[in-house]
Amino acid sequence: MSEQRERAVSPAVRDHVDNYVGGEWTTPASETSQPVVDPATGDELATVEHSTVETVDDAVQTANEAFEEWRQTPVVERVQHLFDLKTELENRLDEIATALSREHGKTIAEARGEIERGIENVEVACGMPNMMREGSGNVEDVASGMDEHAVRQPLGVFTAITPFNFPAMIPLWFLPYAVASGNTFILKPSEKVPLSSQLIFEAVDAVDFPDGVVNLVNGGAETVNTLLEHDDIAGVSFVGSSPVAKHVYETAAQHGKRVQAQGGAKNYAVVTENAEVDDAVPNIIGSVYGNAGQRCLANDVVVGVGDVYDNLREQLIDAAENLTVGAGVDEETEVGPLITDDSRERVLGLIENALEEGAELVLDGRDFEHPELDGNFLGPTLLKGVTTDMEIAQEEIFGPVLCLAEAEDLDEAIEMVNSTKYGNASSLYTESGSEARQYKYEVDAGNIGINVGVCAPMGFFHFGGRKASFFGDLHAQGEDAVNFYTEKTIQIERWYS
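Going by UniProt numbering, the residue at position 94 of the sequence shown is 94; the numbering climbs one at a time, nothing skipped.
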């Protein structure tokens, strides 16, 4: 067996995937199960059981019963568990990163970076005492003989339904804020990548949260719908595709829940004649091909403005064709596999359709075959001549494909950026302050990067898209994360004459 193959088929992370409810690990009662598959090798890593309606109901009731005592626990005591969790996650970082790389396929460096981003949110949530204080307000004499003040209070049981592409980071966008603000919490991870959640919850178990405060249930669509419709769920967070985000938003809202749902994206990067192209190119390459393109912040359409286009194109082609494709656990890998063969086929279909619509293939990764691994690989691909009326310029690719387009000036480029139904992120490469200001002011996206290809906000800033990238009026991280508390306004009339 070759050295790379040996690294890629290291021992399974877990033979079985369990739920964590009420402080106990339990195998869910299930009528359905599925394998967890390493996308780089096709090896089966574990089996995940889909929780039944009754199993989900037990978890919700357990969390609901724990809520009253937890909400009465002083906030300064609640966050002590998060200080401990931060340390536990840091100590287990390499173990979680290896599991994450194997079940998802992303590079080990990307896995480590993802977990560090998640830990950053745990750290931010440790400041919940100040966050809740800053949300309070007092006004005397709002009316004759009446004072008014506002306090923040927890709501109950919250759930997060998280996607396959960031299975360690996105749960940690929500869990810390929910419990720090006095709510109890249930995570439903993607059934494709449940192993990193198992390890995160081993860290949760180690820091001795009271039973029922933090829970984990595994499953598929039935599990999700049970949570969305359950009377004792107060709020729902979701990250995934826009069609599913719309379903989550509508179903949860119909059942009276607080809800935010992050959907898909179609992100453009614009490079102007005032950009430092030599610096921009590696940044763009990381944005487009990192995580094998499977992230909602990938700028998969790159617009060259004016005379910069030719130089930009040649540098991007040269950089992309030299990327190393392989198993994520191999330290030399720069582009891992796609999560499933169905995902790979979908990306191939988008490429084929783009060619039929008039795009030109200048770097073809469709027939890439790894010499030692039988995985869902697609080599770095680059198309030029892409226009905004093409499907590939309007729909999220979620694969290692870069689309090159041209614009005469920045105004035209901004029109191209705003032409999609999505509004998650966009980046501009320039050394001009006036161009940067125009871009951040006129582009209709929730996250703007200036000379930053993956404009992921720090944990203490909110993360939210616009248009079809976001459903709801709340945000995904930082102080505003799902607004895990409610602001109660209290009017006090003078009781003396």
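Think of the CB as a built atom: it goes at the ideal place given N, C-alpha and C, for glycine as much as any other residue. Since we're looking at a predicted model, the values are computed, not measured.
Query                                                                                                                : Result
Whole runs of the beta strand (DSSP E) within the stretch 225-264, excluding any shorter than 3 residues             : 233-239 and 258-262
Asparagine 138, DSSP secondary structure in three states                                                             : strand
Beta-carbon spacing of valine 244, leucine 428 below 8 Å                                                             : no
Cβ-based burial, glycine 137 [other Cβ within 10 Å; buried from 16]                                                  : exposed
Counted within 10 angstroms of its Cβ, other Cβ atoms place asparagine 183 as buried (16 or more) or exposed         : buried
Beta-carbon proximity list for proline 35, same chain, < 7 Å, skipping 5 on both sides                               : Glu44 and Thr47
Candidates Glu431, Ala425 and Gly459, of which the one nearest valine 277 by Cα                                      : Glu431
Threonine 27 classed as buried or exposed, judged by whether at least 16 other C-beta atoms fall within 10 angstroms : exposed
Distance between glycine 399 and tyrosine 309 (C-alpha atoms, nearest Å)                                             : 23 Å
For leucine 85 and asparagine 483, the rounded distance between their alpha carbons                                  : 21 Å
Endpoints, alpha helix (DSSP H) assigned at valine 56                                                                : 53-71
First and last residue of the uninterrupted alpha helix (DSSP H) at glutamine 315                                    : 308-320
Alpha-carbon spacing of methionine 416 relative to aspartate 389, whole angstroms                                    : 10 Å
Endpoints, beta strand (DSSP E) assigned at aspartate 208                                                            : No beta strand (DSSP E) holds aspartate 208; DSSP gives it neither H nor E.
Identity of the residue in Gly472, Ala275 and Ala206 nearest glycine 304 by Cα                                       : Ala275
Alpha-carbon spacing of leucine 175 relative to isoleucine 351, whole angstroms                                      : 38 Å
Selection from Val454, Arg366 and Glu95 that minimises the alpha carbon distance to leucine 199                      : Glu95
First through last residue of the beta strand (DSSP E) which encompasses alanine 425                                 : 425-429
Assigned secondary structure, threonine 223 (DSSP; H/G/I helix, E/B strand, else coil)                               : helix
Residue from Ile450, Gln438 and Glu391 with nearest C-alpha to threonine 420                                         : Glu391
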